[in-house]
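*Asks:* Can you read through this structure? Questions will come right after.
Protein chains: 2
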Amino acid sequence: MRSDLDHVRRRGLRLHSKQGDCHLQGASAYATAEEIGPSDLVIIALKATSNEALVELIPPLLKEDTILLTLQNGLGNEEFLAEHFGAERVIGGLCFVCLNRTEPGVIRHLGAGTISIGEFTGLPLPRTHEIASEFKRSGVVCNVKPDLARERWKKLVWNIPFNGLAIAAGGIDVAEILADPDLEFLARQLMREVISSARQLGHELPASLVEDQVKATHPMGPYKPSSLIDFLEGREVEIEAIWGEPYRRAANAGAEVGRLEYLYHEIRRALRTRQ
Amino acid sequence: MRSDLDHVRRRGLRLHSKQGDCHLQGASAYATAEEIGPSDLVIIALKATSNEALVELIPPLLKEDTILLTLQNGLGNEEFLAEHFGAERVIGGLCFVCLNRTEPGVIRHLGAGTISIGEFTGLPLPRTHEIASEFKRSGVVCNVKPDLARERWKKLVWNIPFNGLAIAAGGIDVAEILADPDLEFLARQLMREVISSARQLGHELPASLVEDQVKATHPMGPYKPSSLIDFLEGREVEIEAIWGEPYRRAANAGAEVGRLEYLYHEIRRALRTRQ
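Those protein sequence lines, which keep their order, are chains A and B.
Count along the first sequence from 1, then add 10; that gives the number in our numbering.
Count along the second sequence from 1, then add 10; that gives the number in our numbering.
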């Protein structure tokens, strides 16, 4: 932990949720990886923009069979870990959850809360199922997926338009996107473009995802995607993981990416010119 | 004339230009078409958003061989005139000029000032050259073009990105577009998309236009395109003529129009939500 360390050591972690609040007083929080030492499983939840820090953070945690599970957003994180620490260690995971860290040591849980994991290099192994079982024993729904890359693209079908338009349209929530006929249309068209891009890269996704995602977004109400909160609070935004890398991979594969390209450059400009 | 009529009748028309100022005291200004009566040539310079008014304005001006020359922006104006008054009357023209009407009866000329005209239904006729000669006799450079539709698309290669991004990016001038690396990139990509769209519709335009237009725009400095001024002053913007109609024609022809579609919907939203 960085800025939250002292607070969490003194007061623990607090989770506010409609499913019940929770206070974890004896949270094991450390300032350095050396204090933790070699581990069976390292769960990486750093923002993707800080990946370079992993080059120093991870080595003290490694033993021969240490597994690296990245729960980060977007594309490129498994590749980064594989390049530095070996592809065979790497498992990827996706978090389907609406939550915001509102102040030091405090997390506000707004909805959902499942994890999907998959091997980076191929089909699920016994270790993949063992990790899923560990999550389930802790009360977290965790599904094992046969095709991690497909799951990543499937999640981008939501993240690219909703996180993106929330920033590009001047800092608005998902309800405002859906209430504006032009933004709702652009969100749908962006979803279609992401689905086509995924297909071009060999990941079959159904066209019905567009309608499914719009339907699933309405009940979220005035939810601010995490990238928007990062943007509004002046923190780094995972622009390359969520928009840049998918755009480049799809363009290189020959997919039609005009809308994605447009959105990516609008977000770049918004980040460059924000107050 | 509408709101400027009294002013121009009393004080005439004033033109401010680096090439010399000009004051036309005895300008023939009329409130109604009936006062003018049947004419050889009707030059239509109304904003395209007011085209419905032409259905009442033009009939009093018509005799058997009256020519209708539209100097309006974008696509769809010749078609509108052809539908209501017969295609054989219609000539289209493009104005290459930077100018703004700054107050009643006053025009500020900032640069350029040539006209290109062409027949709506085919190749130039003797009458096309006669009209060009009339303009030349009045000191206006006027070129006759064999393919009007191609000229319209060529002009859109500039108007779509520069008028469009000026509005969509929050009300900025062309120098600010060129100074922002993301907007400059989007402007170039939009130009490429318009060129491809024109080609898909059978109008051959060279790829070198992109570089030519960027080079021609730099000397304009902080020029505000006319659509931006309309937008900022709360007046109607020619969104369908400049963006909507080109977008729909290109999409129907199977061209890749993701960027144009995105820009069109951003402008629609900007118009809907402007203060």
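Glycine included, each C-beta is placed from N, C-alpha and C at the ideal position.
1. Run through chain B and tell me which residues come within less than 8 Å of Asp192 (chain A), C-beta to C-beta.
2. Take every Cβ of the region 45-58 of chain A, pair it with every Cβ of the region 246-258 of chain A, and state whether three or more of those distances are shorter than 8 Å.
3. Give me the Cα-Cα distance between Leu71 (chain B) and Ser38 (chain B), rounded to the nearest whole angstrom.
4. Would you mind reading off the limits of the beta strand (DSSP E) that contains Phe106 (chain A)?
5. Hey, does Tyr272 (chain A) have any beta-carbon neighbour from chain B nearer than 8 Å?
6. Counting only Cβ pairs nearer than 9 Å, list the residues of chain A close to Glu203 (chain B).
7. When the distance is taken between beta carbons, is Leu215 (chain A) closer than 8 Å to Ala208 (chain A)?
8. Are Ser206 (chain B) and Ala265 (chain B) close, meaning C-beta to C-beta below 8 Å?
9. Kindly identify the DSSP beta-bridge partner or partners of Ala122 (chain A).
10. Going by C-alpha distance, which of B:Phe145, B:Gly132, B:Leu34 is nearest Arg160 (chain B)?
11. Going by the beta-carbon positions, is the gap between Pro171 (chain B) and Leu211 (chain B) smaller than 8 Å?
12. Report back the beta-carbon spacing between Tyr233 (chain B) and Leu81 (chain B) to the nearest angstrom; my notes put them in contact at under 8 Å.
13. Examine chain A for any beta-carbon lying closer than 8 Å to the beta-carbon of Leu196 (chain B), and answer yes or no.
14. Going along chain A in order, which residues have a C-beta closer than 9 Å to the C-beta of Gln199 (chain B)?
15. Compute the Euclidean distance between the alpha carbons of Lys146 (chain B) and Arg198 (chain A), then round it to the nearest angstrom.
16. So, helix, strand or coil for His275 (chain A), using DSSP?
17. Threshold first: 4 residues or longer. Then list the alpha helix (DSSP H) segments lying entirely within the region 236-285 of chain A, N to C.
18. Is Asn169 (chain B) near Ile117 (chain B), with beta carbons less than 8 Å apart?
19. Please report the distance separating the alpha-carbon of Ser49 (chain A) from that of Gly174 (chain B).
20. Quickly, what does DSSP pair Ser27 (chain A) with across the bridge? List them, please.
21. Taking 8 Å as the cut-off, does the region 261-276 of chain A touch the region 29-45 of chain B (at least 3 CB pairs, one atom from each stretch)?
22. Comparing alpha-carbon positions, which option in B:Arg20, B:Lys73, B:Ala179 lies nearest Ile46 (chain B)?
23. Which runs of the beta strand (DSSP E) fall wholly inside the region 75-99 of chain A and span at least 3 residues, in chain order?
24. Can the beta-carbon of Pro114 (chain A) be found less than 8 Å from the beta-carbon of Ser13 (chain A)?
25. Whose CA, out of B:Arg258, B:Met11, B:Leu23, B:Glu62, lies closest to the CA of Ala43 (chain B)?
26. When you compare the CB positions of Leu166 (chain B) and Phe130 (chain B), do they come within less than 8 Å of one another, or not?
27. I think Ile141 (chain B) touches Leu51 (chain B), with their Cβ atoms under 8 Å apart; what is that distance to the nearest whole Å?
28. Indicate the three-state DSSP secondary structure (helix, strand or coil) for Glu66 (chain B) in the structure shown.
29. So, do the region 173-190 of chain B and the region 90-109 of chain B have three or more beta carbon pairs nearer to each other than 8 Å?
30. Take Leu25 (chain A) as the anchor and find which of A:Asn110, A:Gly103, A:Ala92 has the nearest alpha-carbon.
31. Within the same chain, show all residues whose beta-carbon is closer than 6 Å to that of Asn153 (chain A), passing over the 5 residues directly before and after it, in chain order.
32. Apart from the five residues on each side of it in sequence, which residues of its chain come closer than 7 Å, Cβ to Cβ, to Leu238 (chain A)?
33. Just to confirm my understanding: we take Arg284 (chain A), look at its own chain, exclude 5 residues before and 5 after, and list those with CB closer than 8 Å. What are they?
*Replies:* A quick look at the data gives this:
1. His275, Glu276, Arg278, Arg279, Arg282
2. yes
3. 15 Å
4. 100-113
5. yes
6. Gly268
7. yes
8. yes
9. A:Val107
10. B:Gly132
11. no
12. In fact, because the Cβ distance is near 20 Å, the residues do not count as touching under 8 Å.
13. yes
14. Gly268, Glu271, Tyr272, His275
15. 51 Å
16. helix
17. 236-242, 255-262, 268-283
18. no
19. 55 Å
20. A:His119
21. no
22. B:Lys73
23. 77-80
24. yes
25. B:Met11
26. no
27. 7 Å
28. helix
29. no
30. A:Asn110
31. Ser126
32. Asn173, Ala176, Ile177, Gly181
33. Phe241, Gly244
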